[in-house]
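Scroll down for the structure; my scribbles are underneath it.
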Amino acid sequence: MSEKINIPRGTFDILPGESSKWQKLLNIFCETANLYSYQEIVTPIFESAHLFERGVGEVTDIIEKEMYRFTDRKGREFALRPEGTAPIVRSFIENHLGKEYAPAKLYYFGPMFRYDRPQKGRYRQFHQYGVELIGSNNPYTDAEVIALADHFLKQIGIKNYTLEINSIGCDKCSPVYDAALIEYYSKHKDELCGDCVKRLEKNPKRLLDCKNEKCQLIGKEAPSILDYLDEDCAAAFEKVKYYLNLLKVDYIVNPRIIRGLDYYSNTAFEFLTTSLGSQNALLGGGRYNGLVKQLGGVDTPAVGFAGGVERLLAVAEAEGISLVDSGNSGIYVANIGAETIDYALALCAEFRSKGISVEYEIDKNNFKSQLKSANRLNIPYVCIVGSEEMEGQRFTLKEMNSGKQVTLNRSDIGEKFNNWPKLSVFEAEQTC
RNA sequence: GUGGCUGUAGUUCAACCGGUUAGAGCACUGGAUUGUGGUUCCAGAUGUUGUGGGUUCGAGUCCCAUCAGCCACCCCA
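According to the working numbering, the stretch in the first sequence is residues -18 to 413, in order.
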């Protein structure tokens, strides 16, 4: 035997038992997005590395240490996408989506890649779903995007979450606030943790969500962004809250919400869960008015969110939500004796042509074990063919729940199976 | 990237202070008079103890390395 090759660290297979949950989740997301008239967009999973450096921000963790970079055979620098927004904005610009759709209302789903230390709810290849609304600065659109996210979580059945919103201001008032934070925290510099001392220079807003007790204590007295918003930003934030109320979305204002990527401005929001330990960010987003211009397009305001599928599934499981479909409605074809195999196969084909899902196990030649198998697979009906049936061009159909069975003519498949899985044969004519 | 915990049949877990053929439940396979499943009963198969070294008369058990998972930090989905 040759050497066994294992799956890369931080990745996982979606096995047959799991994949139906993913399909269901994705379906619900597509349906919800469609309710709000968003259309799907699919972009490549790798892009020019510069797209992310410029879009996400060069000094973020994502770019500095988490990006999967590679060069191709001609030395071009690419990266597996660590997030979905920059590629979509790239596509928006490249395909002039602003001309055709105004605003562009887009949703997406797919794998993302970050070289991070794996943990539960944190993987190197993970999956995000998200929406982007590009081309409006109307605060209603912030609320709409949030409402869509909220609607989606409710459709899945998630209960244990809170929506926290904030405004981090625009490129005019945000620096004023940073200055105020620096001034405040500098007075307590000796008491701050090491990380926070660095944050003070690099990204002062990050000081606010440090988990260190001392830092938090100091943070309680820190100035609030909400007092530093300029007139336009403050008015916009009020409007967002107004529309959220109108759309009946519950939220709390948390002036400490800071988003990790550089491109955010104004509205920032997070859907947080308590049922997942420290990986509590279920979904996050906000407004990013500067990004389109920054990536070479004409100045266009935009807002969006992204959520993690793995975390959502984990929360769903923690909350006991079943994403498994209601069950099999197919037929298990069982034959008795080698001479009936061909006849059984012919019946399989006829059932399938009626749109009925058929299981037939060619390598199981013991009749009893075939029935056992049907039972284990939870298949509600078994079609039994032995030599008696074959000679009369018939088959026996058994309803596993009740144990009832009837013998039907092969030609009955044409009419009696039109409304499968609704079947009247067991009420009308019973034998056995 | 930092610190800690863990790794034993398909799976969940046992195995004393290092001691001889590494066990059990569930699952699996076969059987209980020939063409009828689920419950029951009987029988059976299963492991290079994550991997590679080391200490020892002897290692699942101790030591080192490595890989992987988990937890916290960092960060985030």
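All residues carry an ideal CB built from backbone N, CA and C; glycine is no exception.
query: Own chain residues within Cβ distance below 7 Å of Cys154, not counting five before or after; result: Tyr209, Leu210, Asp211 and Cys214
query: Neighbourhood of Leu225 by C-beta distance below 6 Å, restricted to the same chain and skipping five residues each side; result: Ala124 and Tyr232
query: Spatially closest choice to Gly200 from Glu164, Leu228 and Val230, by CA coordinates; result: Glu164
query: Where Ser310 sits in the DSSP three-state scheme; result: coil
query: 6 Å CB neighbourhood of Leu78 in its chain, flanking five on each side removed; result: Ala85
query: Beta-carbon spacing of Phe94, Leu61 below 7 Å; result: yes
query: Beta-carbon proximity check, Gly116 vs Tyr89, cutoff 7 Å; result: no
query: Residue nearest to Glu28 in terms of C-alpha spacing, selected from Asn270, Asn235, Glu64 and Lys(-15); result: Glu64
query: Contacts around Gly241, its chain only, beta-carbon distance under 7 Å, and the 5 residues preceding and following it disregarded; result: Thr41
query: Helix, strand or coil at Arg292 [DSSP, three-state]; result: helix
query: Which of helix, strand or coil DSSP assigns to Tyr324; result: helix
query: Classification of Lys80 by the beta-carbon crowding that lies within 10 angstroms, buried from 16 upward; result: exposed
query: Status (buried if at least 16 other CB within 10 Å, exposed otherwise) for Glu251; result: buried
query: Length of the line joining the Cα atoms of Ser167 and Ala203; result: 11 Å
query: Status (buried if at least 16 other CB within 10 Å, exposed otherwise) for Ala327; result: exposed
query: Those runs of the beta strand (DSSP E) which lie wholly inside the segment 46 to 81 and span at least 3 residues; result: 50 to 52 and 58 to 61
query: Strand pairing of Asn316, partner residues [DSSP]; result: Val366
query: Three-pair Cβ contact test at 8 Å for the segment 343 to 358 versus the segment 293 to 307; result: no
query: Glu340 - DSSP class collapsed to helix/strand/coil; result: strand
query: Candidates Cys364, Lys349 and Ile343: closest to Phe332 by CA position; result: Cys364
query: Exposure label - Tyr19; buried when at least 16 CB within 10 Å; result: buried
query: At least three beta-carbon pairs within less than 8 Å, the segment 315 to 324 to the segment 333 to 348; result: yes
query: Burial state of Gly395 (16 or more Cβ within 10 Å); result: exposed
query: Where Ile43 sits in the DSSP three-state scheme; result: helix
query: Simplified DSSP assignment, three categories, for Ser29; result: strand
query: Ser392 versus Phe398: straight-line alpha-carbon distance, rounded; result: 10 Å
query: Nearest candidate by alpha-carbon position, reference Thr143, set Glu12, Ile127 and Leu276; result: Ile127
query: Distance, Glu369 Cα to Met381 Cα; result: 21 Å
query: Contacts around Lys274, its chain only, beta-carbon distance under 6 Å, and the 5 residues preceding and following it disregarded; result: Asp280
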